[in-house]
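Colleague: Under this note's numbering, the sequence shown has 346 at position 199, and the numbering climbs by one with no breaks. Just so you know, even glycine gets a beta-carbon here, dropped at the ideal spot from N, CA and C. Have a look at this one.
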Amino acid sequence: MDLLTCNSMHQDVELVELDPPPPEPLDPPDSPTPSTPASDAAAAKEFDDLLATLQPSVATLLREYRDVFPSSVSYSSIPPMRDIEHRIQLEPNYRVQHRAPYRLSVPEAQELKRQIDELLRQGFIKPSTSPWSAPVLFDQKKDGALRLCLDYRGLNQYTVKNSYPMPRADDLFDRLAGHHFFTKIDLRSGYHLIRVAKEDQHKTAFRSRFGHYEFTVMPFGLRNGPATFQMAMNTTLQDLLEDFVLVYIDDILIYSGTLEEHMTHLRTVLQRLRDHGFYAKLSKCAFAQSKIDFLGHQVSEHGLHMDDSKIQAIVD
Numbered sequence: 148m149d150l151l152t153c154n155s156m157h158q159d160v161e162l163v164e165l166d167p168p169p170p171e172p173l174d175p176p177d178s179p180t181p182s183t184p185a186s187d188a189a190a191a192k193e194f195d196d197l198l199a200t201l202q203p204s205v206a207t208l209l210r211e212y213r214d215v216f217p218s219s220v221s222y223s224s225i226p227p228m229r230d231i232e233h234r235i236q237l238e239p240n241y242r243v244q245h246r247a248p249y250r251l252s253v254p255e256a257q258e259l260k261r262q263i264d265e266l267l268r269q270g271f272i273k274p275s276t277s278p279w280s281a282p283v284l285f286d287q288k289k290d291g292a293l294r295l296c297l298d299y300r301g302l303n304q305y306t307v308k309n310s311y312p313m314p315r316a317d318d319l320f321d322r323l324a325g326h327h328f329f330t331k332i333d334l335r336s337g338y339h340l341i342r343v344a345k346e347d348q349h350k351t352a353f354r355s356r357f358g359h360y361e362f363t364v365m366p367f368g369l370r371n372g373p374a375t376f377q378m379a380m381n382t383t384l385q386d387l388l389e390d391f392v393l394v395y396i397d398d399i400l401i402y403s404g405t406l407e408e409h410m411t412h413l414r415t416v417l418q419r420l421r422d423h424g425f426y427a428k429l430s431k432c433a434f435a436q437s438k439i440d441f442l443g444h445q446v447s448e449h450g451l452h453m454d455d456s457k458i459q460a461i462v463d
């Protein structure tokens with residue numbers, strides 16, 4: 148489960164001046180906890196099972212780029228600080244936000260402990276002594292599972308807005324009519340593939356009954372997070388955009404006129420992701436389809452259509 152932002156009605160508990168400056172954060176671990184033979188075997192079987200459902204030419208190509216579809220990623224898997232990293236510029240009149248933890252139920256506390264342990268193992272968070280502190284809370288998903296949230300509203304109100312332009316969905320879709328093959332690539336761990344600038348990591352700190360931690364990678368819920376990620380993807384795929392690639396934050400769409408052309412385009416994108424240290428989640432991708440769901444719409448050679456599931460809901 149991802150750390151997402153939630154709309155909580157809890158109020159600020161404490162405001163603390165940033166004086167003196169926070170101490171230098173500790174460095175993250177050099178490498179993640181090694182995987183076990185059992186987990187490696189399970190991941191390999193899942194990969195092979197998914198490839199068995201694809202066209203042979205697509206499956207062969209994906210085997211060549213298997214490293215782009217790992218079962219998990221860690222801090223050490225991400226390249227050293229990119230030219231683009233998430234920075235948190237504060238307004239001159241800011242006040243450090245230091246909020247008390249919210250009350251959690253027993254199941255929520257157990258889930259929080261599990262997720263903190265996993266984030267520590269991955270190197271995505273580290274122990275913190277920062278004066279900043281955001282509380283955590285939970286939201287219940289439709290299937291009953293608990294989604295962990297970070298309430299960064301206190302930090303966000305003092306964060307200077309990034310003016311980087313976000314793409315308009317209608318402008319993106321205008322490029323797709325007349326193409327016959329589509330692939331959608333969903334990036335694994337999304338924002339966690341972008342590091343937070345070292346000097347800003349202490350601002351992402353959060354408190355819980357299990358300790359005080361800060362992020363080494365970009366968490367969900369920060370102001371300007373979408374703009375930072377869009378900038379990173381646009382830079383990575385700059386020369387391919389609107390030729391045969393569309394990108395909206397962590398969703399990549401590849402479109403082509405013929406299957407042969409599509410395989411070339413797919414290889415180009417996978418190589419670019421490999422070169423720049425971005426990873427995808429195979430189970431959430433779709434390859435070489437004549438009709439595909441993208442940003443809540445069905446895309447085909449005829450243009451846009453309403454999602455079939457939404458049509459069925461109206462009929463029912």
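#1: Are at least three pairs of beta-carbons, each pair with one atom in the region 259-268 and one in the region 201-209, less than 8 Å apart?
#2: Quick one: what's residue 330 bridged to in DSSP?
#3: Does DSSP put residue 394 in a helix, in a strand, or in coil?
#4: Give the single residue among 362, 291, 430 whose Cα lies nearest to the Cα of residue 297.
#5: Tell me which same chain residues have a C-beta within less than 6 Å of the C-beta of residue 241, skipping the five on either side of it?
#6: Between residue 442 and residue 395, is the Cβ-Cβ spacing less than 8 Å?
#7: The alpha helix (DSSP H) that contains residue 286, what's its start and end?
#8: DSSP puts residue 231 in a beta bridge; with which residues?
#9: Please list, in chain order, all residues of the same chain as residue 417 whose beta carbon is under 6 Å from its beta carbon, the five residues on each side excluded.
#10: Since residue 290 contacts residue 333 with CB under 8 Å, what's their CB separation in whole angstroms?
#11: What first and last residue would you give for the alpha helix (DSSP H) that runs through residue 261?
#12: Quick check: what's the CA-CA separation for residue 283 versus residue 372?
#13: Are there 16 or more other CB atoms within 10 angstroms of the CB of residue 269, so buried, or fewer, so exposed?
#14: Restricting to Cα atoms, I'd like to know which of 431, 223, 391 is closest to residue 402.
#15: With residue 293 and residue 287 assumed to form a contact (beta carbons below 8 Å), what rounded beta-carbon distance in angstroms separates them?
#16: Going straight from the alpha carbon of residue 389 to that of residue 322, what length do you get?
#17: With DSSP as the reference, identify every bridge partner of residue 360, one or two as the case may be.
#18: Output the boundary residues of the beta strand (DSSP E) element that contains residue 446.
#19: Report buried or exposed for residue 366, applying the criterion of at least 16 other Cβ atoms within 10 angstroms of its Cβ.
#20: Compare the beta carbon distance of residue 378 and residue 235 with 8 Å and say whether it is the shorter of the two.
#21: Residue 244 by DSSP, collapsed to three states: which one?
#22: Between the C-alpha atoms of residue 382 and residue 252, what's the straight-line distance to the nearest angstrom?
#23: Quick one, are the C-beta atoms of residue 369 and residue 299 less than 8 Å apart?
#24: When the Cα atoms are used, what is the spatial distance from residue 272 to residue 342?
#25: Report the residue from 220, 431, 275, 444 whose alpha carbon sits nearest the alpha carbon of residue 197.
#26: Below 8 Å between beta carbons: does that hold for residue 330 and residue 191?
#27: DSSP three-state label for residue 215, please.
#28: Rounded to whole angstroms, what's the CA-CA distance from residue 428 to residue 344? Just pull it up for me.
#29: Please report the residue range of the beta strand (DSSP E) in which residue 414 lies.
#30: Let's see if you can read the secondary structure: which residues bound the beta strand (DSSP E) around residue 294?
#31: In the DSSP assignment, find the unbroken beta strand (DSSP E) run with residue 441 in it and report its ends.
Modeller: For this structure:
#1: no
#2: 401
#3: strand
#4: 362
#5: 305
#6: yes
#7: Where residue 286 is concerned, there is no enclosing alpha helix (DSSP H), although the beta strand (DSSP E) it sits in stretches over 281-287.
#8: DSSP, once it has assigned bridges, lists no residue as partnering residue 231.
#9: 212, 215
#10: Between residue 333 and residue 290 the Cβ distance is about 19 Å, and since that is not below 8 Å, they are no contact.
#11: 253-269
#12: 18 Å
#13: buried
#14: 391
#15: 6 Å
#16: 7 Å
#17: 274, 353
#18: 444-447
#19: buried
#20: no
#21: strand
#22: 43 Å
#23: yes
#24: 11 Å
#25: 431
#26: no
#27: helix
#28: 25 Å
#29: Residue 414 -> not in any beta strand (DSSP E); alpha helix (DSSP H) instead, spanning 406-423.
#30: 293-297
#31: 438-441
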